[in-house]
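Numbering (the working numbering), first residue to last: 1 to 217.
In C-alpha cells, the structure reads:
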C-alpha cells in the first residue's frame, strides 16, 4: 500500500457550474486535490493526503471525513472549500491507496484453466494517472475479442493469450503510476531521486499512456 490515503466525493451544483469540462488538479503542502465535471451540474473530486490515521471513525463517518478534509484544505482556494462543504455526504469515502507491485505484474500468473483475474483485481493502482478505469475497460475489450476469435471451446487458450497481450501495457501503466505515487508520498529523498531518474529514462513522453489503443472488439 502507498503511504497515502484518499477522500472522494460528488458535489452537485443545482444551478450549474462554470467549470471547464476537463481534469484539474491543485497541489500544495503534500496534498493533491483533483476534480472533473461529470456533467453541467455534477462534479467528481478527490483529495490525496499522507496516511496518518488518528481517528478510525474517518473510515465510516461522512461528517468526520468532511470536517478533516476541510481542515487540511483551509489554505486552498475558496471554490475548493465550497465544493467540499456542499458535497453529497452519501458520496464521501475514505480509503488508503493500494497498488499491485509492478514486479508481480511482470512475473505473476493471472489465469488458470477457465478462471482469470482482470481489472482492479489484477492491477489495482493509484489515481495519479487516471488510468485505472481505462485499463479495466481495455481488459474487457481484449478479453472479449480473444474469446470471440477462439470460441467457447478454447476459453483457456483465450485467457492465456489475453494475459500475454495485456502484460506489457498494464506493467507500464502500473510502473508509471507507482513512480508518481512514490513522488507524492512521504518517501525518502533518495527514493524520490531514483524515481525521478526512472521516470525520465522510461517515460520520456509522460502522456503516452493516454494515446494507447487496445483495438476493437
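No residue lacks a Cβ here, since even glycine has one placed at the ideal position from N, Cα and C. Since the model is a prediction, treat every value here as computed from it, not as a measurement.
Using 8 Å as the threshold, is the C-beta distance between residue 5 and residue 128 below it?
Not closer than 8 Å, so no.
Let me know the beta strand (DSSP E) ranges lying completely inside the region 160 to 185, each 3 residues or longer, listed in chain order.
none
Just the Cα atoms here: how many angstroms apart are residue 43 and residue 12?
6 Å
Span separating the alpha-carbon of residue 188 from that of residue 109:
32 Å
Alpha-carbon to alpha-carbon, residue 154 and residue 39:
42 Å
Sequence-distant residues of its chain with Cβ nearer than 6 Å to residue 180 (five each side left out):
The residues are 128.
Compare the beta carbon distance of residue 2 and residue 106 with 8 Å and say whether it is the shorter of the two.
no
Helix, strand or coil for residue 23? Go by DSSP, reduced to three states.
Collapsing the DSSP output to three states places residue 23 in coil.
Secondary structure of residue 114, DSSP reduced to three states
coil
Could you please give me the residues that DSSP links to residue 5 through a beta bridge?
49 and 96
Quick one: using the 10 Å Cβ neighbour count with 16 as the cut-off for buried, is residue 140 buried or exposed?
exposed
Is DSSP giving residue 68 helix, strand or coil here?
helix
Would you tell me roughly how many angstroms separate the C-alpha atoms of residue 137 and residue 36, rounded to the nearest one?
Distance between the alpha carbons of residue 137 and residue 36 is about 19 Å.
Which stretch, first to last residue, makes up the alpha helix (DSSP H) that contains residue 133?
132 to 150
Three-state secondary structure (DSSP) at residue 14?
coil
Decide if residue 78 is buried, meaning its Cβ has at least 16 other Cβ atoms within 10 Å, or exposed.
exposed
Under the assumption that residue 63 contacts residue 9 (Cβ atoms under 8 Å), give the Cβ distance between them as a whole number of angstroms.
About 13 Å separates the two Cβ atoms, so there is no contact after all.
In whole angstroms, what is the alpha-carbon distance linking residue 156 and residue 133?
25 Å
Report the rounded CA-to-CA distance for residue 112 versus residue 81, giving the unit in angstroms.
48 Å
Exposed unless 16 or more other CB atoms sit within 10 angstroms - verdict on residue 191:
exposed
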